[in-house]
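Order-wise, the sequence lines are chains A and B. All residue numbers for the first sequence refer to my numbering, where the first residue is 374 and numbers rise by one. All residue numbers for the second sequence refer to my numbering, where the first residue is 374 and numbers rise by one. For glycine and all other residues, C-beta sits at the position ideal for the given N, C-alpha and C. Bear in mind that the values here come from a model prediction, so they are computed numbers and not experimental data.
Protein chains: 2
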Amino acid sequence: MPGTQFDVVAIGNAIVDIIGRCDDAFLERHGAPKGHMRLVDTATIGSIYGSMGPAIEISGGSAANTAAGIASLGGRGAFIGKVAEDEFGRIFRHDIRAAGVAFNTPAVADSSQGTSRSLILVTPDGQRTMNTFLGISTDLDQGEVDPAVIQAANIVYLEGYLFDRDEAKAAFRQAVDIANKAGRQVALTLSDSFCVNRHRDEFLALIRSGIGILFANEGEILSLYETTSFDEAVKRVGQDTRLAVLTRSEKGSVIVSEGESITVAADPVRKVIDTTGAGDLYAAGFLFGVARGYDLSVAGQLGSFAAAEIIGQMGARPEVKLSHLARMRGLIG
Amino acid sequence: MPGTQFDVVAIGNAIVDIIGRCDDAFLERHGAPKGHMRLVDTATIGSIYGSMGPAIEISGGSAANTAAGIASLGGRGAFIGKVAEDEFGRIFRHDIRAAGVAFNTPAVADSSQGTSRSLILVTPDGQRTMNTFLGISTDLDQGEVDPAVIQAANIVYLEGYLFDRDEAKAAFRQAVDIANKAGRQVALTLSDSFCVNRHRDEFLALIRSGIGILFANEGEILSLYETTSFDEAVKRVGQDTRLAVLTRSEKGSVIVSEGESITVAADPVRKVIDTTGAGDLYAAGFLFGVARGYDLSVAGQLGSFAAAEIIGQMGARPEVKLSHLARMRGLIG
Numbered sequence: 374m375p376g377t378q379f380d381v382v383a384i385g386n387a388i389v390d391i392i393g394r395c396d397d398a399f400l401e402r403h404g405a406p407k408g409h410m411r412l413v414d415t416a417t418i419g420s421i422y423g424s425m426g427p428a429i430e431i432s433g434g435s436a437a438n439t440a441a442g443i444a445s446l447g448g449r450g451a452f453i454g455k456v457a458e459d460e461f462g463r464i465f466r467h468d469i470r471a472a473g474v475a476f477n478t479p480a481v482a483d484s485s486q487g488t489s490r491s492l493i494l495v496t497p498d499g500q501r502t503m504n505t506f507l508g509i510s511t512d513l514d515q516g517e518v519d520p521a522v523i524q525a526a527n528i529v530y531l532e533g534y535l536f537d538r539d540e541a542k543a544a545f546r547q548a549v550d551i552a553n554k555a556g557r558q559v560a561l562t563l564s565d566s567f568c569v570n571r572h573r574d575e576f577l578a579l580i581r582s583g584i585g586i587l588f589a590n591e592g593e594i595l596s597l598y599e600t601t602s603f604d605e606a607v608k609r610v611g612q613d614t615r616l617a618v619l620t621r622s623e624k625g626s627v628i629v630s631e632g633e634s635i636t637v638a639a640d641p642v643r644k645v646i647d648t649t650g651a652g653d654l655y656a657a658g659f660l661f662g663v664a665r666g667y668d669l670s671v672a673g674q675l676g677s678f679a680a681a682e683i684i685g686q687m688g689a690r691p692e693v694k695l696s697h698l699a700r701m702r703g704l705i706g
Numbered sequence: 374m375p376g377t378q379f380d381v382v383a384i385g386n387a388i389v390d391i392i393g394r395c396d397d398a399f400l401e402r403h404g405a406p407k408g409h410m411r412l413v414d415t416a417t418i419g420s421i422y423g424s425m426g427p428a429i430e431i432s433g434g435s436a437a438n439t440a441a442g443i444a445s446l447g448g449r450g451a452f453i454g455k456v457a458e459d460e461f462g463r464i465f466r467h468d469i470r471a472a473g474v475a476f477n478t479p480a481v482a483d484s485s486q487g488t489s490r491s492l493i494l495v496t497p498d499g500q501r502t503m504n505t506f507l508g509i510s511t512d513l514d515q516g517e518v519d520p521a522v523i524q525a526a527n528i529v530y531l532e533g534y535l536f537d538r539d540e541a542k543a544a545f546r547q548a549v550d551i552a553n554k555a556g557r558q559v560a561l562t563l564s565d566s567f568c569v570n571r572h573r574d575e576f577l578a579l580i581r582s583g584i585g586i587l588f589a590n591e592g593e594i595l596s597l598y599e600t601t602s603f604d605e606a607v608k609r610v611g612q613d614t615r616l617a618v619l620t621r622s623e624k625g626s627v628i629v630s631e632g633e634s635i636t637v638a639a640d641p642v643r644k645v646i647d648t649t650g651a652g653d654l655y656a657a658g659f660l661f662g663v664a665r666g667y668d669l670s671v672a673g674q675l676g677s678f679a680a681a682e683i684i685g686q687m688g689a690r691p692e693v694k695l696s697h698l699a700r701m702r703g704l705i706g
């Protein structure tokens, strides 16, 4: 859109990921639901960290990963989220800015909570299970939502995880309000099927009130409509939204738009290393495509491409410049 | 050796690596000598970090990587090194213990210096250039060298980098003294050719005083003897030591023992991702082999194998269990 400073401004939890490998028995022993994100307290995160194997630290956070993905594709991204002025906060700030994303939410100088971190346990099948201590992220409130940034973005992208805290939910609603008034598109990801379970009615009301673009994976959309039929969920979401994008792992994705469904194949993944960030990077590719005026099917292909790239590496931030690869593939000009 | 608790106790700087990618021009702009380790102050590390791309954090430190490699091969390793009680210190302690290495050096509670960290810049050719802020590592002194641990180890392995600080050098000499009195083998790595330049005479005196096993790469051994001829360096080191292991990247390694030279081929590397830790893991494989009584040529093959594995991944700590792979390859029983 001409005249906008950013293609996308993303709002979410600012998290540093601590990623290690484990087997399924380890997840069971610690009561971690495989493939999901759960919120944990300091005692639990300490207990898991103390018994898990060696780890690596990489900046993460769902919406933040999407913003980094958009920048990697050559887009202009901004991020709003809360860090503390500690080592993890400095790592998060450095990495997102170094990725080319505008990030100016002030850090909290004195925080006993510390910057949000997530212990991500990757099982031999490449599946990731997240144990997130929200820390200072819970302090994200309306004060952090800069109206100028929202107004300057083509699309405002919000992560459903924000609904897990009242202050963040208020910030979320404020951002939607500013975007609507400025005539900007609003996009939402449902984040996690457990998260949908926690906030189903509010999510449905929000979606029906006019979210522009809805992202959900199969588990999330089935949970939203409390159905076991994907076709039923497609029909229902088509009635509730103008544009929905449903991702189905290796089965590809389905774009539901004005009564029509477009199926996009998944990109082949040479070797599944770590699925962390697959959904976040799909959203990055799709939103970049929409912001730059590509057809929905091309936007979907950009999503599949970016998701496949992130699955082939550790962590949810692209190690390589996606714009270069996408150009080689002929996906963008 | 029967009766010993550890195969190897390693002593060195306890470092967390901050690894990112850059091009050669970036190194030049920051005056970082490609392929080498240089010591930097807080201002320099801040300036490089501020302008480098996104990074990942992984525990490192040369001798610590070797200890982790020995544990990964199924050996019993211990490490002595100094961390501060901060986030990086907790990361270092967690990772080395989780790797199966005994690590009990007390952390320094109140340190303005912080735990040692190294900005590692990886160029497109996979070569790594290190900018190390030693922080609290410089405080390693004789108080940290636990005689019981040294006496309980078959081999004491020391990194040459310790010579960059007087207190650490004193700790180094004390460890050698305890090991000699207990009849333990002492192994030394020259660490870096710039490091050899800084301490040539002391290294030569130490080696001639009876180091059991000397590790050096080609650049380091040429620097030690101030020659450009590898053959000349092989001859000289054969006169100065009982056992020297000279690594030559893709040209493999040469084991010099009692007048004889054994050449060991390098293991093929599918794709060079990041050479960080190649020398450290070669040492791990070789020392594991010696400690477990394998022939020198098999020890060299274990070194080549472990080095090739670490070159194929980011960071200097093995992502996979090396013992499993080494068994599949028929290198160990």
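Pull up the DSSP beta-bridge partners for residue i, would you.
i: Ala475/B; result: Ala451/B
i: Asp390/B; result: Ile431/B, Ser491/B
i: Asn570/B; result: DSSP, once it has assigned bridges, lists no residue as partnering Asn570/B.
i: Ala405/B; result: The partner list for Ala405/B (beta bridge, DSSP) is empty, contrary to what the question assumes.
i: Thr590/B; result: The identity of residue 590/B in the sequence shown is Asn, whereas the question assumes Thr. DSSP output for Asn590/B lists Thr620/B as bridge partner(s).
i: Met410/B; result: Met503/B
i: Ala560/B; result: Tyr530/B, Ile586/B
Would you mind stating whether residue i and residue j have Cβ atoms separated by less than 7 Å?
i: Leu669/B; j: Gly658/B; result: no
i: Tyr530/A; j: Ala560/A; result: yes
i: Ala617/B; j: Val629/B; result: yes
i: Ile391/A; j: Arg490/A; result: yes
i: Thr600/B; j: Gly499/B; result: no
i: Arg690/A; j: Pro691/B; result: no
i: Gly434/A; j: Ala387/A; result: yes
i: Leu563/A; j: Glu591/A; result: no
i: Gln547/A; j: Gln524/A; result: no
i: Gly473/B; j: Ala444/B; result: yes
i: Ile569/B; j: Val382/B; result: A small correction: the amino acid at residue 569/B is Val; Ile does not occupy that position in the sequence shown. Their beta carbons are not under 7 Å apart, which means Val569/B does not touch Val382/B by this criterion.
i: Ser424/B; j: Asp468/B; result: no
Taking DSSP as the reference, what is the three-state secondary structure of residue i?
i: Pro375/B; result: Below a pLDDT of 50, predicted positions are generally treated as unreliable, and Pro375/B, at 47, falls in that range; the measurement from the model is reported next regardless. It is coil, neither helix nor strand.
i: Met701/A; result: helix
i: Asp397/A; result: helix
i: Thr505/A; result: strand
i: Val610/B; result: helix
i: Tyr530/B; result: strand
i: Ile421/B; result: helix
i: Ser719/A; result: The question about residue 719/A has no answer, for chain A in this structure spans 374 to 706.
i: Val481/B; result: strand
i: Ala383/A; result: strand
i: Lys694/A; result: coil
i: Ala457/B; result: strand
i: Val627/B; result: strand
i: Arg470/A; result: helix
i: Arg538/A; result: coil
i: Arg546/A; result: helix
i: Val522/A; result: helix
i: Arg463/A; result: helix
i: Gly706/A; result: coil
i: Thr496/A; result: coil
i: Arg615/B; result: coil
i: Gln515/A; result: helix
i: Ala689/A; result: coil
i: Gly442/A; result: helix
Assign residue i to one of two classes, buried (16 or more other C-beta atoms within 10 Å of its C-beta) or exposed (fewer than that).
i: His697/B; result: exposed
i: Asp512/A; result: buried
i: Val693/B; result: exposed
i: Arg394/A; result: buried
i: Pro375/B; result: Because the pLDDT of Pro375/B is 47, which lies under 50, any placement of that residue in the model is unreliable, and the number read from its coordinates should be weighed accordingly. With fewer than 16 other Cβ atoms within 10 Å, it is exposed.
i: Gly632/B; result: exposed
i: Ser626/B; result: buried
i: Gly703/A; result: exposed
i: Gly650/A; result: buried
i: Arg557/B; result: buried
i: Ala457/B; result: buried
i: Arg353/B; result: No statement about residue 353/B is possible, as the shown extent of chain B runs from 374 to 706 and does not include it.
Self-check item: Those runs of the beta strand (DSSP E) which lie wholly inside the region 630 to 681 of chain B and span at least 3 residues
Solution: 633 to 637
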